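Residue numbers (the working numbering): 798 to 1158.
Here it is, written out as structure tokens:
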């Protein structure tokens, strides 16, 4: 008996800890710490629905407790029949009207938010004489298991790391090149599917103050089971002020081809051109047609925070990835598509890739 009580106490402690920890979250990844207009709206709707559900549960619980205490069978009154209220018009009206009111309280703001978040008219407006729209549009293309981000009005393409301005709506065109994925930045809002046969559209806005709290870095994820490495299909979102974002775009547009001065990096460039250039690009403008973009654009690889979206950004982890990408992301399309390199060649190729920087040029 004592052992059973001990087990129940441990179970209770773990249950309470699980409940507490489920509410914890970092500002760069948690939906409970919204960092944008869409996320805040979705968070408020979640709180509203939770309040309504808790209120309903509390009322039902009170009625239940009242019923089993006040109307329980008492000694000497086994044959007593309580007052019958069957067919009471008042009660019928009460338990019909109250649910309708609660549904309206939840439905009206939900429908309003749905229409507001689906409003993408700005991105469909014609560009000015320079070919640039007032709205910032990003084309998102999901692949097994990496992400591509294209800024079509500026002829700039990045991979794995999305760069956005704060306090400004960013409109997204979402599509997939292989199977169904789902684009989700938990702290900013979402999620929305990326399909192969149609383009989904929506917008997000990143709050400047909240972005500073998160050190201007958020995490994005694939939220649709897409294969063995679905859980590893992450990307990073770097936020910048609107002025800094314009400077970043300008730097990307004026970026020149890498010309490494280091001997090892120069040899690595030759290896890259022989083995990797058929799939990867190293210039932000990436003039290849969409169907030819088979692998991530590496123009800013030296400035990234992760290798393959999951490994620490250093030469050792980069070499580990090149040696055996299947070990880290099973089912990825890079596995077995290039010849194996010796250690010296790996060092040279890693040195070249780490030299690929735009903003520091």
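Beta carbons are placed, not taken as given, at the ideal position from N, Cα and C, and that holds for glycine.
On a predicted model such as this, the values are computed, not experimentally measured, just so you know.
Rounded to whole angstroms, the Cβ separation of residue 955 and residue 946 is 5 Å, and the two are in contact under 8 Å. The beta carbon of residue 1057 sits closer than 8 Å to the beta carbons of 1063, 1065, 1066, 1148, 1149 and 1152 from its chain, once the five residues preceding and following it are set aside; these are given in chain order.
At least 8 Å separates the beta-carbon of residue 1005 from that of residue 981. The DSSP-derived three-state label of residue 959 is strand. Between residue 814 and residue 939, the alpha-carbon positions lie close to 36 Å from each other.
Note that the C-beta distance between residue 1048 and residue 1080 is not below 8 Å. Under the three-state reduction of DSSP, residue 1082 is assigned to coil, being neither helix nor strand.
A straight-line Cα-Cα distance of about 18 Å links residue 1038 and residue 1100. Beyond the five residues adjoining it in sequence on each side, residue 889 comes within less than 6 Å, by CB distance, of no other residue in the same chain. Residue pairing by DSSP places residue 1018 opposite 981 and 1031 in a beta bridge. Judged by their CB atoms, residue 1127 and residue 1026 are nearer to each other than the 8 Å cut-off. With fewer than three CB-CB distances shorter than 8 Å, the region 930 to 939 does not count as touching the region 1007 to 1014. Residue 989 is bridged by DSSP to 980.
Per DSSP, the unbroken alpha helix (DSSP H) holding residue 1047 starts and ends at 1039 to 1050. Counting the other Cβ atoms within 10 Å of the Cβ of residue 923 gives fewer than 16, which makes it exposed. In this structure, DSSP gives residue 971 an extended state, which the three-state scheme calls strand. In its chain, beyond the 5 residues on either side, 983 have a beta carbon closer than 6 Å to the beta carbon of residue 828. Listed in chain order, the non-local C-beta contacts of residue 870 below 8 Å within the same chain number zero, local neighbours out to five positions each way being set aside. According to DSSP, residue pairing for residue 1109 in a beta bridge involves 1103. Taking a cut-off of 8 Å on C-beta distances, the region 844 to 858 touches the region 887 to 906, as three or more cross pairs fall below it. Cβ atoms of residue 985 and residue 1015 come within 8 Å of each other, at about 6 Å. Between the alpha carbons of residue 910 and residue 979 lies a distance of about 20 Å. A direct Cα-Cα distance of roughly 17 Å separates residue 944 from residue 995.
Looking from the CA of residue 1000, the closest CA among 917, 883, 1112 and 1144 belongs to 917. Residue pairing of residue 1094 in beta bridges, as defined by DSSP: absent, with no partner found.
Residue environment for residue 973: buried (at least 16 other C-beta atoms within 10 angstroms of its C-beta).
In the displayed model, residue 1053 falls within coil according to three-state DSSP, outside both helix and strand. In the three-state scheme derived from DSSP, where H, G and I count as helix and E and B as strand, residue 866 is classed as helix. In the three-state reduction of the DSSP assignment, residue 806 falls in the helix class, which pools H, G and I. Using a 10 angstroms sphere on the CB of residue 1145, the tally of other CB atoms reaches 16 or more, which defines it as buried. The closest CA to that of residue 1137, considering only 1091, 1097 and 1120, is found on 1120.
Approximately 6 Å separates the beta-carbon atoms of residue 960 and residue 1045; this is inside 8 Å, confirming the contact. With respect to residue 991, residue 971 sits close: the two C-beta atoms are nearer than 8 Å. Nearest C-alpha to residue 1061 among 1084, 1140 and 893: 1140.
In this structure residue 957 is buried. Its beta-carbon is surrounded by 16 or more other beta-carbon atoms within 10 angstroms. As the crow flies, the alpha-carbon of residue 843 is around 16 Å from that of residue 914.
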